[in-house]
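Protein chains: 4
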Amino acid sequence: MTYQEVLENARKRMAPRCKVCPECNGIACKGIMPGPAGKGASRTFQRNYAWLSDHVKLEMDVTGGDQERNMELELFGKTFAAPIFVAPMGLISLAYTEDMTDKKYCDAVMPGAKAAGILAFGGGGPKAENFYEPLEAIRENGGWGIPTLKPWSVDVVKERLKEVETVNPIAFAMDIDSAGLPHANLANPPMLLKTEAELKEIAEATKLPFIVKGIMTAEAALKAVRAGAYAIVVSNHGGRVMDNGLSTAEVLPEIRKAVGNSVKILVDGGIRTGDDVFKMLALGADAVLIGRPYVIAAYGGGAEGVALYTEKLKAELKDAMTMTNCTALTDITMDKVRIV
Amino acid sequence: MTYQEVLENARKRMAPRCKVCPECNGIACKGIMPGPAGKGASRTFQRNYAWLSDHVKLEMDVTGGDQERNMELELFGKTFAAPIFVAPMGLISLAYTEDMTDKKYCDAVMPGAKAAGILAFGGGGPKAENFYEPLEAIRENGGWGIPTLKPWSVDVVKERLKEVETVNPIAFAMDIDSAGLPHANLANPPMLLKTEAELKEIAEATKLPFIVKGIMTAEAALKAVRAGAYAIVVSNHGGRVMDNGLSTAEVLPEIRKAVGNSVKILVDGGIRTGDDVFKMLALGADAVLIGRPYVIAAYGGGAEGVALYTEKLKAELKDAMTMTNCTALTDITMDKVRIV
Amino acid sequence: MTYQEVLENARKRMAPRCKVCPECNGIACKGIMPGPAGKGASRTFQRNYAWLSDHVKLEMDVTGGDQERNMELELFGKTFAAPIFVAPMGLISLAYTEDMTDKKYCDAVMPGAKAAGILAFGGGGPKAENFYEPLEAIRENGGWGIPTLKPWSVDVVKERLKEVETVNPIAFAMDIDSAGLPHANLANPPMLLKTEAELKEIAEATKLPFIVKGIMTAEAALKAVRAGAYAIVVSNHGGRVMDNGLSTAEVLPEIRKAVGNSVKILVDGGIRTGDDVFKMLALGADAVLIGRPYVIAAYGGGAEGVALYTEKLKAELKDAMTMTNCTALTDITMDKVRIV
Amino acid sequence: MTYQEVLENARKRMAPRCKVCPECNGIACKGIMPGPAGKGASRTFQRNYAWLSDHVKLEMDVTGGDQERNMELELFGKTFAAPIFVAPMGLISLAYTEDMTDKKYCDAVMPGAKAAGILAFGGGGPKAENFYEPLEAIRENGGWGIPTLKPWSVDVVKERLKEVETVNPIAFAMDIDSAGLPHANLANPPMLLKTEAELKEIAEATKLPFIVKGIMTAEAALKAVRAGAYAIVVSNHGGRVMDNGLSTAEVLPEIRKAVGNSVKILVDGGIRTGDDVFKMLALGADAVLIGRPYVIAAYGGGAEGVALYTEKLKAELKDAMTMTNCTALTDITMDKVRIV
């Protein structure tokens with residue numbers, strides 16, 4: 006199977022909501038809700054993509070000689086083949102087609118990611134099963150996955166963390182911005198915005214590293230740091246929680262500046278290629294999360310499609326490192342890109 | 006009735022001049038005059054919409070905890086359910102379709118607004134009836150409306166203010182920029198530009214709060230303040246009085262800076278969603294006026310459509326407050342948005 | 006006849022080269038050469054229009070009271086009804102349709118301009134008749150026109166100036182940028198770029214005021230001033246002498262700053278409406294020249310069309326003055342617009 | 006044969022991959038790989054063209070008098086009729102149509118360039134024949150060409166330089182950015198990124214002037230200078246080695262600033278017309294390389310087409326010099342353009 010075949014197959018299986026566009030930029034699916042669209046007029050989805058694509062350029066330099074390019078990432082005490090994670094994606098059948106349940110999706114991305122040396126986050130949703138299905142998939146995948154909890158009440162979170170611990174995952178995440186999701190009002194148990202104190206209580210309830218997802222300002226990042234987060238995800242939920250938000254790429258440098266090295270920074274939003282991964286690392290991220298393209302890979306090729314897309318990303322990232330004289334991820338610094 | 010049905014119904018009743026576009030941005034109706042278009046090439050109409058949409062972004066922050074969001078507005082000694090007013094719209098049958106007289110329009114927006122806890126301005130026009138019909142509607146609505154006077158000679162204004170007082174409205178407005186309207190030359194009595202002294206004479210002719218509508222510079226705002234205005238409306242008449250004007254959003258911050266808290270500031274121009282309301286408040290407004298979308302709501306669903314659209318705006322504004330950590334309108338300050 | 010009818014009539018008579026577009030912006034005619042297009046890819050034509058349209062906005066202020074708006078211009082010791090001239094246009098039948106000779110064109114614009122209180126420049130071309138036909142039209146129009154000489158050798162210019170003097174025109178112009186015209190190589194006598202010394206020799210060869218057309222830099226403007234020019238025309242020949250030039254509007258303020266009040270400044274390029282006239286005056290011009298729209302007016306309505314279009318411009322300029330609190334042309338200063 | 010006929014002929018022979026667009030800007034061929042497209046989404050190809058076209062404008066000044074315009078270039082101890090070279094283009098049949106081998110292409114561009122007083126670079130590719138065919142063409146053309154070596158191991162380079170010397174060319178080039186080409190992995194012998202030390206070793210292996218092609222930063226330029234390069238080519242390989250690179254025009258001024266006059270600077274990327282040549286010289290280049298348009302000229306008219314296109318460029322460059330008051334290439338300085 007080639008990646009091209011994955012796309013063609015996905016195009017058939019995902020119609021009509023997702024068109025598997027040549028550039029997944031939020032234009033063709035605008036207003037398709039439920040669907041892959043961003044909120045409202047998809048402005049934030051589109052901005053995530055367009056800002057990263059149009060305003061960040063790589064500084065080509067091929068005078069460093071022929072070298073090995075090492076894109077391995079050390080995180081959570083583990084080694085990953087590349088600084089790439091599969092973002093948490095839930096309610097697949099609602100947003101795309103009924104052809105794919107959340108469990109089947111997890112069964113594609115989790116082994117697929119593992120085969121390519123990376124790892125997938127589990128998704129979530131308003132119902133209990135939206136939490137338990139991905140958790141079960143992580144268990145079946147030997148704990149090689151990161152469950153994502155919704156911002157339920159601290160008591161509910163503590164209870165579920167006990168269940169999370171039984172699958173022995175690498176870490177756990179909470180997408181604290183879920184309250185802005187289109188179906189947030191259907192959530193049971195309800196989703197509630199969190200304070201720094203509540204985040205701290207959650208962080209202290211388990212020894213698992215805590216990933217706070219949904220940070221868009223320096224101030225919020227510092228709260229997460231003080232609360233004891235191991236990592237934050239600079240994210241606006243792929244544009245699904247706001248129609249008029251900033252892009253993640255444009256706020257990333259100021260967030261890194263504010264937190265220094267006190268926390269790991271992941272980021273999602275509009276990342277499609279290895280060049281995009283490179284850009285996000287240069288802007289301050291330790292690693293990236295990629296969502297919609299992995300759904301396409303899963304529809305189009307199952308676990309094999311997920312692995313194939315990941316290998317493509319790795320080859321592109323290696324290319325980008327080669328053309329900018331970087332031999333390791335730590336070489337990918339702000340001076341390797343230009344904001345235009 | 007759903008808001009979607011309101012739009013579909015409006016699309017049938019408003020053809021061909023207004024197409025009830027997915028985004029009411031002044032592009033499809035460009036040049037349709039009489040019609041909903043802006044003056045000339047609709048540049049100011051389009052700029053109102055585009056500047057607000059493209060250059061003002063919300064700073065998402067979901068680390069403030071779960072809280073009540075209070076969007077009540079105190080103004081004119083009254084309490085409104087949201088910082089939203091229905092803008093004065095007149096000559097409906099001329100600009101849209103003959104299906105709707107100004108009186109029928111008032112009979113939709115005034116009770117509809119009231120049902121949703123807000124209030125509608127009455128519109129105007131070149132003929133006597135364009136003044137008396139909305140006034141009558143306000144009377145029938147128990148004074149829950151704001152009549153809009155044209156900038157007639159001070160003597161005519163004084164006379165009509167006496168009639169205004171008989172309906173006991175909350176305030177009265179004058180759109181001092183009417184002289185630039187396409188049909189201004191047909192007005193009888195004639196519409197005349199006002200000086201600060203004349204505005205003062207008008208303000209002093211009644212105890213009703215005076216709202217000066219059609220301010221686009223700091224200097225003009227200060228004149229209105231000195232003349233005794235209770236509120237100003239930063240407005241270019243939805244782009245109908247100039248083809249090459251600035252957008253209201255881009256001049257709003259400098260006007261607020263100039264007048265400080267000495268006057269209430271309302272604003273219209275390109276506001277379509279609760280996010281837009283949020284943006285205008287962050288840029289310096291106390292409340293907003295919305296025009297064209299309410300005409301669509303009135304055509305598509307009468308009073309019920311007007312209430313429905315208002316509830317949609319309120320839900321969106323609440324969402325925006327939730328996602329930016331605002332609990333009251335006073336929290337919606339300049340640092341909650343970014344001009345990009 | 007209405008202006009709308011003028012346009013419809015012109016659309017029939019000018020096909021296929023000029024489409025009489027709703028906005029005459031250099032897009033539809035791009036590459037049509039010979040034709041109304043700009044040079045090359047019409048970039049300079051398009052930039053003239055787009056920069057003036059998109060980057061210059063009027064500061065609306067309606068708090069100055071009801072006043073007379075006087076748009077009369079004193080220039081060359083004469084009074085004109087508005088600060089507007091018909092630009093020199095030649096080789097009409099080549100650029101548009103064979104339906105209109107240069108003489109017939111002059112017979113439309115010269116009396117039409119006169120009827121509306123303004124004045125037309127005569128055009129030119131590579132052949133002798135391109136000079137003599139407009140000159141004859143000016144004679145027939147009682148000297149109410151400005152002949153435009155090509156940058157022939159100084160000797161040829163001096164000779165022809167004697168003939169110019171016999172028609173007793175208000176002034177004479179030379180488009181010194183003609184060397185860049187598409188058909189410049191066919192010129193007989195040849196067209197030659199001029200030095201400051203040569204311009205001076207020409208200025209001193211007659212008592213008629215000398216208008217140097219084709220200035221785009223402060224330095225060139227100062228040369229024209231030192232050479233004794235009465236006026237300069239900031240112009241890139243409507244984009245016909247360069248494909249990658251700046252727009253006239255964007256260089257106008259720096260040229261005015263350089264020359265102060267030592268010379269009158271006219272400007273052309275992308276001016277279509279009274280708002281555009283206002284903008285150019287605010288940016289530093291004393292008056293404007295308008296070309297392509299007058300050709301359309303002449304094809305569509307002859308002298309009557311030319312007068313009609315001029316009256317439309319005057320009404321629009323008056324409107325712009327009304328909405329910005331200007332009572333005379335001297336009020337139209339830089340602070341009445343904003344460059345965005 | 007006219008240039009128009011060259012284009013029409015090329016349009017037939019080059020379908021379907023290259024459409025011979027009115028503007029060769031990387032839009033219509035986007036994603037056509039193999040083909041004339043840029044890498045990935047053709048962003049760098051498009052940026053090369055768009056930045057040069059949209060952000061660099063000429064300062065028109067026609068007050069310098071009638072003068073000779075000399076566009077002769079002294080370089081490599083030779084005199085060229087214009088500061089223009091045919092860029093190295095290889096694998097023609099793969100990227101365009103099978104109608105044209107690399108040898109046939111060389112047989113068109115080398116004599117065609119010579120006829121017009123300029124010179125063509127030989128192209129290259131992954132196989133041995135991709136090197137030897139152009140070299141043979143240069144030999145047949147009396148050494149009037151510049152062979153381009155791939156960045157093979159220094160030993161291989163040295164060996165081949167001996168063969169290069171036998172054709173007695175004016176200089177030799179190496180496109181050190183080849184490692185990023187789509188087919189780089191097929192190269193035999195392999196292509197390897199070079200260090201400054203390796204470049205130095207290559208420079209010292211022959212008396213032929215060494216042209217280092219593929220420089221995009223000041224730092225890399227300084228390395229090439231220290232390595233003993235006679236000239237560098239500011240180039241991103243027409244956008245074929247990176248999808249998210251900067252345009253060559255935008256980095257050119259900072260590279261010139263860094264190296265001063267210590268090295269000759271050539272540049273390619275988006276250059277289509279004489280105006281573009283002028284712009285690149287003003288931004289800091291000594292001469293330019295042009296690629297895709299010469300392939301079109303060769304398909305459409307063979308050697309005659311190449312000469313015709315070159316004459317067109319020369320006429321346009323002369324025009325640009327005329328309209329900006331430049332008499333020699335040294336007059337084409339930064340103040341003759343404006344970056345907008």
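Protein chains in written order, with the numbering used here: chain A, 6 to 345; chain B, 6 to 345; chain C, 6 to 345; chain D, 6 to 345.
Beta carbons are placed, not taken as given, at the ideal position from N, Cα and C, and that holds for glycine.
Quick caveat, the model's predicted, so the values are computed rather than measured.
Taking DSSP's pairing of strands, which residues face residue i in a bridge?
i	result
residue 177(D)	215(D)
residue 272(D)	239(D), 293(D)
residue 78(D)	85(D)
residue 1(C)	No answer is possible for residue 1(C): the residues shown for chain C start at 6 and end at 345.
residue 63(A)	342(A), 250(D)
residue 151(A)	126(A)
residue 50(D)	DSSP, once it has assigned bridges, lists no residue as partnering residue 50(D).
residue 136(C)	Looking at the DSSP assignment, residue 136(C) forms no beta bridge with any residue, so it has no partner.
residue 320(A)	Looking at the DSSP assignment, residue 320(A) forms no beta bridge with any residue, so it has no partner.
residue 354(A)	This structure leaves residue 354(A) out entirely; chain A is present only between 6 and 345.
residue 142(C)	In DSSP, residue 142(C) forms no bridge with anything.
residue 333(C)	75(C)
residue 300(D)	DSSP output for residue 300(D) lists no bridge partner at all.
residue 91(A)	125(A), 295(A)
Name, please, each residue of chain B whose Cβ falls closer than 9 Å to the Cβ of residue i.
i	result
residue 332(C)	Within chain B, no residue comes near residue 332(C); the closest Cβ sits about 11 Å away, beyond 9 Å.
residue 259(A)	Here the premise fails: no neighbours, minimum Cβ distance about 11 Å.
residue 367(C)	Outside the displayed span of chain C (6 to 345) sits residue 367(C), for which this structure offers no information.
Is the CB-CB distance between residue i and residue j below 8 Å?
i	j	result
residue 247(A)	residue 65(B)	yes
residue 123(A)	residue 278(A)	no
residue 90(B)	residue 271(B)	yes
residue 29(B)	residue 298(B)	yes
residue 301(C)	residue 19(C)	yes
residue 198(B)	residue 67(C)	yes
So which residues on chain B does residue i lean against when the C-beta distance must stay under 7 Å?
i	result
residue 262(A)	The contacting residues do not exist; residue 262(A) stays about 16 Å from chain B at best.
residue 184(A)	67, 327
Within the continuous beta strand (DSSP E) that includes residue i, where are the two ends?
i	result
residue 125(B)	124–126
Terminal residues of the continuous alpha helix (DSSP H) containing residue i?
i	result
residue 281(D)	279–288
residue 165(B)	159–171
residue 14(A)	8–19
residue 107(D)	107–120
residue 100(C)	97–100
residue 32(C)	Residue 32(C) -> no alpha helix (DSSP H), and no H or E assigned at all.
residue 204(A)	201–208
Using a Cβ cut-off of 7 Å, pull out every chain C residue sitting near residue i, in sequence order please.
i	result
residue 343(D)	251
residue 62(D)	249, 250, 251
Which chain A residues are close to residue i, counting only those with a beta carbon under 7 Å from its beta carbon?
i	result
residue 28(B)	46
residue 324(B)	185
List the residues of chain D whose Cβ lies closer than 9 Å to the Cβ of residue i, in chain order.
i	result
residue 5(A)	Outside the shown range of chain A, which is 6 to 345, sits residue 5(A), and nothing can be said about it.
residue 121(C)	Per Cβ cutoff of 9 Å: no residues; residue 121(C) is ~32 Å from chain D at best.
Taking C-beta pairs closer than 8 Å, name the residues in chain D that residue i reaches, listed in chain order.
i	result
residue 273(A)	The contacting residues do not exist; residue 273(A) stays about 18 Å from chain D at best.
residue 181(C)	67, 68
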